[in-house]
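Numbering (the numbering used here), first residue to last: 143 to 936. First the structure, in the form of structure tokens, and then the observations on it.
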């Protein structure tokens, strides 16, 4: 049987045309039978129906789809605890306070803790960690002096091998949308809070159709009688419609749309769904140019705690802001908000939602909101580093991260203490030097992993041009000598700590610049110095002389290993012409403090997508780029700088910390540097100015900023565990190695060929290896040694 497709298509077209003309003729017949006004009314009804279908489609597409485009949520470091870790009871209390845990007398809810003698009991909040979701957990920490003795799960009385604290939301990276949301299901809001909100904003919420005609008529009469708008009649559904689809601009058209959309929303969705949307959408003020939306995020902003941990008066305070977050803002109008909160407390007392005892208790409580500085404060420099890292690690996939969670290395305590130290010291120096544009910088880095714990610039934590601060290269001054020492000590067959180095003027003819005369900072020369003393003191010429004797290829090779750029003049390192950013300086000293293992500085640990999949995981790794013995000796020399050298005052303040440090100032005294290293961190601090004007800064100005930081975050003693090839030898006053007699002090030596370890087994043996001289004058008189000792200094 043959089927004619063209004929079938033609028949279908005729059929559709007949239907269209039938409907058209039907409407014409109806219109012809109506009078003029009825026709107008009929047309209006048709328009309303069509417009309603349009709005219906718009509402469904939004609410059934993705209601909000969430920003990227940035969390601080996840703090881990194990038995035996060095944490005191005060340390844990400080950490809990920074994570906004509440100290209470009776432990009932998550986010609370109690302190008893040598133990702290707390309920850890439920949190969706990068690897899996953990529920609330009640544990007890037992302390033994400055250590955690054990951690017990109080539910089953079993030891907890590994415990981690929920991180805190520290920043929000915004998308193109200018709103901030943090979604929570309706079940996360208490029934009492829901009842209070409905009793204040919409008593008949469960009974009306999205609008309340009686309230609208009552408000209309009151407003006409007063001659101005004194009452509103918007239901929660109308408020939701306005927030989701409309603007706040008052007009008849907006009110019509608001009513129409509210009726459609109420017809399409359940009351619980409407409430859930409302709780996550209502406006709560501004965070800069971005709007704070929803109770969950408002709770974090104003109280630093999840909504389910707020007390009744705090919940009422947020409810009081619903009427007008711009007017009833606790940061801007605390007294007005207090009156509004107390009014609502009185209303719900009369409605028997709370008892008289609770009413009397809550009405006398202060607002208890966080200051703006302790809220979700922006960390511009840290976030700038994080964004750079995002571009490098994710590349083209960076556009796929909206709504994701980033877990970072940021330690809130380190960051806060650094901010405080920078602010105090820079304000002091600005007043002292009468220079308003004086700037400062501090970065804290984990010396083992390379994690950036904190980074602060200038006297303010809100820097607009953070790019300039991060990218600005400054002269590092005599910090460059550490690189020289690293190269020197990497050649143990030529140099050791007891090597004599010439200290006299030197002029070098350079092909690319004019002849350059190198001199010491104090323009004094003492003919020769011992290498260890050279490290301790700020002597530049002796560094140059040592490196002129040493093959320049070694120093250039060291520069390459450290990742430094190539300089036009190979002598720039001797003349303090090396320019680096503080971040680059921190990277170099991280390598030195970690046995020559370079761990690239990073800020991101995990990136978790909106559907809880791991987008990125930073696996800790390092490259061994410099010999461990050379970095060990360099770090030892930096310890001597603090114990006996130019940073000795720091050792007086912390005599048992064994801090390794190096202070420096650049030519022209426009930059002051200090690098401090303890068992935990590498801290780089800098103070200076952008122009070349001489400030007469001291080399200890940056050190004072570091000292201020240590008052808040005491150092952990830096213990240098001896390496297999590092031995300590006795030296006399002539800096020659001896076995027993005339011992001046002990210094470490890199015994690269095991020659020194067997030296004292045979007292008659004499050994000379370049400048590493073993003493053959052990029987000289004490007068001889006194003369030699005095000759070192005069």
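Built from N, CA and C at the ideal position, the CB exists for glycine as well.
As assigned by DSSP and simplified to three states, the class of residue i
i	result
residue 238	helix
residue 409	helix
residue 774	helix
residue 492	helix
residue 890	strand
residue 244	strand
residue 390	coil
residue 427	strand
residue 230	coil
residue 497	coil
residue 625	helix
residue 749	strand
residue 254	strand
residue 267	coil
residue 784	helix
residue 792	helix
residue 572	helix
residue 503	helix
residue 855	coil
residue 345	coil
residue 274	coil
residue 385	helix
residue 763	coil
residue 842	coil
residue 895	coil
residue 615	coil
residue 280	strand
residue 208	coil
residue 196	helix
residue 259	coil
residue 589	coil
Inter-residue spacing [alpha-carbon to alpha-carbon] between residue i and residue j
i	j	result
residue 881	residue 868	17 Å
residue 244	residue 307	14 Å
residue 866	residue 859	22 Å
residue 541	residue 322	18 Å
residue 527	residue 534	11 Å
residue 437	residue 331	9 Å
residue 339	residue 470	16 Å
residue 423	residue 320	13 Å
residue 495	residue 253	25 Å
residue 267	residue 315	24 Å
residue 941	residue 768	Absent from the structure is residue 941, since the part of the chain shown begins at 143 and ends at 936.
residue 776	residue 278	47 Å
residue 567	residue 720	26 Å
residue 853	residue 237	16 Å
residue 265	residue 289	21 Å
residue 468	residue 386	18 Å
residue 297	residue 281	8 Å
According to DSSP, residues forming a beta bridge with residue i
i	result
residue 300	295
residue 827	584 and 816
residue 223	305
residue 447	Beta-bridge pairing links residue 447 to no other residue.
residue 547	215 and 750
residue 311	217
residue 872	880 and 888
residue 329	In the DSSP output, where bridge partners are listed per residue, residue 329 has none listed.
residue 432	429
Presumed contact (8 Å Cβ cut-off) between residue i and residue j, rounded CB distance
i	j	result
residue 819	residue 801	7 Å
residue 440	residue 419	Their Cβ separation, rounded to whole angstroms, is 15 Å, which puts residue 440 and residue 419 out of contact at 8 Å.
residue 816	residue 848	5 Å
residue 483	residue 462	5 Å
residue 759	residue 748	6 Å
residue 549	residue 309	6 Å
residue 587	residue 728	5 Å
residue 824	residue 589	5 Å
residue 185	residue 341	43 Å between Cβ atoms; not a contact.
residue 594	residue 551	5 Å
residue 251	residue 451	6 Å
residue 581	residue 600	5 Å
Legend entry - the stretch 394-408 contacting the stretch 437-456, beta-carbon criterion three pairs below 8 Å: no
Inset, instruction - Count the C-beta pairs between the stretch 569-584 and the stretch 767-786 that are closer than 8 Å, then say yes if the count reaches three, no if not. - result: no
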